[in-house]
Amino acid sequence: MEHVEFNKDLIEFLNSSPTPWHAVSTMKSRLDAAGFQQLDERDDWSLDRNRGYYVIRNGSSIVAFRTGNKDVSTSGIRMVGAHTDSPCLKVKPNPELRRKGYFQLGVEVYGGVLLNPWFDRDLSLAGRVTLLDEAGEVQDVLVDFRKPVAFIPSLAIHLDREANSNRSINAQTDLPPVLMQVPEDDTTSFADLLSQQVAAESGIKARKILGYELSFYDAQQAEFVGLRNDFVASARMDNLLSCYIGLQSLIHTSGDEAALLVCNDHEEVGSMSAEGAQGPFLTAVLDRWCGAGKARAIAHSMMISADNAHGVHPNYLDRHDENHGPVLNQGPVIKVNHNQRYATNSRSAALYRHISDELGLPHQTFVVRSDMGCGSTIGPLTAGNLGVTTLDIGVPQFGMHSIRELIGAEDGFTLFRVLAEFMQREKVF
C-alpha cells in the first residue's frame, strides 16, 4: 500500500463517518470484513488465541484486539488509542425556532469549537435517533441527511463595520442554522422531519421519536488539496485520522502478537463517561481478556495514544517554540510535556524513534511554548487508569478544531507503517 492509495481510502472513511456512531459503524464493517468477531458485554466470553475480536459500547466507542499466539501475561499487549468525537454543533432537545418565516434549530457547542469557520458553510446533519417503532419496540437508528440542509449566514459587513477587527460570537444567539422557510402558521416539529428522514433512509416507520444525538457537519467532502496534492483537507480530521490509522494497523499486522485498538468517545469534553477514556470501558475489556494475569500483561505492554498535533503555521511562527515547530509532511510528532499533559516519557519515545529509524521514516517532536498552556488527550488518562507505559503522538495538522482541517498527504501513511510494525513487535518492554 502506497500513500496515495492509503489517502484515497482515508478519504472514503472520513466521508462515511460524520459522527462517532457512523465512525464506529464504519470500523465495525471493516473489522467484519477482516474476519474479526463481535463480542457482547452482556455475554460470557470464550476467547481463542490467534483470533480478532471487537467490542462496542454506546455505539460510539470501540475496542478491537488480536489475541496473538502467546501467553498475554508474559508477552504484553501493543495498544493504540484514539478518539471518535470532534468539536461540533449539536442539536438541542427542543430546538425549533421560527423567526420571520425562517425555520431554525437551536444548537449546543460541543467541545472547543473554532466557531468562525462554521459560518457560510453548507451544513448537513447526522447522528443517532432513538425511536418507538410500529411494533412497539425501542430501537436506535443512524441517520445522515448527506446533502446540505442548513446554513449559518454571516452578518454582512455593511451592518457590522467592525466585523474584521472586533466581532465576537454569541453561541446562543448567533449560531442557530437556517433550514428552510415556513408559513407563519407552520407547526412542523423537528421530530416530524426526523421521522421522515428515518423512513427514507431505513424504511422504519417511527411511531414516536424518543430522543436523538445529532450534529451538524460540513457537507463538503474530504479531498486532496494543493497544486501537487501535498495535502488532504477534511472535517473531523482530529481525530478520525488516528482512528483510521489505528484500524488499518490492527487489520494489517501479522496477528502473532497481542495487539489492541481503543477508540473512545467524549475526548473533546473531558473523557469522563461510560465510554470515555476516563471511564471503565478499556479496563473492563482487559479484565475479561487477561484475567488474573492482567497486572503482568500491563507491565509488558505499551500504549501509543494517537491524536493530531499542531503543525507550525507559516503565518504565525511565533506561536511555536522555535526548536519544536512540526512541519507537515515531515513525519508524525512525538508530543512531550513534563507537566504530564502528555504521557510520553523517554522510554516510550525511544521505542517509537527506534522503530521509525529502522524503517527509515521521519519523526518530529513537539513541546508547547513555555509561556503558553498545553492541551491534552487520552494518553495521560489511559496511562493513569492502567499504569501502562504510554507515548503521545500525532500527525501534524493546520486548523485544529475548525470545521475543516488540513494534514500533509504523507504523514498519515508514515504513522501507519510505524504502528503496524509496533503491533507485531515481539518485545515491547
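Heads up, the sequence shown is in the working numbering, so the first residue is 2 and it goes up one at a time. C-beta: ideal position from N, C-alpha, C; glycine also. In this text, all values refer to a predicted model and were calculated from it rather than measured experimentally.
Integer Cβ distance of residue i from residue j, believed to fall under 8 Å
i, j, result
"G400", "T391", "G400 to T391, Cβ: 27 Å. No contact."
"L211", "T131", "5 Å"
"D412", "P333", "6 Å"
"R208", "L133", "5 Å"
"R432", "E258", "Not covered by the structure: residue 432. The range shown for the chain is 2 to 430."
"G53", "G77", "Wrong, their Cβ atoms sit about 18 Å apart, outside the cutoff."
"V144", "G128", "7 Å"
"G82", "V226", "In fact, because the Cβ distance is near 28 Å, the residues do not count as touching under 8 Å."
"T85", "A136", "At roughly 31 Å, the Cβ-Cβ gap does not stay under 8 Å, so T85 and A136 are not in contact."
"V92", "V108", "6 Å"
"L15", "L241", "6 Å"
"G395", "N309", "4 Å"
"G60", "D187", "The Cβ separation is near 33 Å, so there is no contact."
"L106", "L180", "6 Å"
"F423", "I356", "6 Å"
"S87", "D239", "6 Å"
Residue i CB to nearest heavy atom of the ligand MN below 7 Å
i, result
"Y317", "For the structure depicted, the ligand MN is absent and the ligand set is empty, with no information on it obtainable."
Simplified DSSP state of residue i, which is helix, strand or coil
i, result
"A151", "strand"
"Y245", "helix"
"C375", "coil"
"Y353", "helix"
"V286", "helix"
"I252", "helix"
"M303", "strand"
"Q398", "strand"
"M181", "strand"
"T345", "coil"
"R31", "helix"
"H267", "coil"
"A234", "strand"
"D321", "This sequence places His at residue 321; Asp is not what is there. Here H321 sits in coil by DSSP."
"K9", "helix"
"G107", "strand"
"H23", "helix"
"R122", "coil"
"A260", "strand"
"L116", "coil"
"G102", "coil"
"A410", "coil"
"H4", "helix"
"K428", "coil"
"A223", "coil"
"D239", "helix"
"L48", "coil"
"D308", "coil"
"V313", "coil"
"L329", "coil"
"F417", "helix"
Status (buried if at least 16 other CB within 10 Å, exposed otherwise) for residue i
i, result
"W46", "exposed"
"V56", "buried"
"R370", "exposed"
"E269", "buried"
"G280", "buried"
"Q198", "buried"
"E427", "exposed"
"H311", "buried"
"T254", "buried"
"T68", "buried"
"H321", "buried"
"D319", "exposed"
"H364", "buried"
"A275", "exposed"
"G102", "exposed"
"I335", "buried"
"D1", "Summary: the structure shown does not reach residue 1, with the chain confined to residues 2 through 430, and so no result is reported for it."
"A65", "buried"
"V5", "exposed"
"Q398", "buried"
"D44", "exposed"
"A234", "buried"
Uninterrupted alpha helix (DSSP H) stretches inside the stretch 53-98 (no shorter than 4 residues): 73-76
Three CB pairs or more closer than 8 Å across the stretch 86-98 and the stretch 315-334: no
Segment contact flag, the stretch 121-131 with the stretch 300-311, C-beta cutoff 8 Å, min 3 pairs: no
Stretch-stretch touch, CB-based, cutoff 8 Å, three pairs: the stretch 211-224 with the stretch 162-171: no
Contact between the stretch 144-157 and the stretch 228-246 (3+ Cβ pairs under 8 Å): no
Three-pair Cβ contact test at 8 Å for the stretch 291-299 versus the stretch 65-74: yes
The stretch 407-423 in contact with the stretch 341-350 per 3-pair CB rule at 8 Å: no
Every unbroken beta strand (DSSP E) within the stretch 186-219, with a cutoff of 3 residues, ordered by chain: 207-219
Sufficient close CB pairs (3 or more, under 8 Å) joining the stretch 349-367 to the stretch 278-293: no
Continuous alpha helix (DSSP H) assignments of at least 4 residues falling wholly in the stretch 124-175: 164-167
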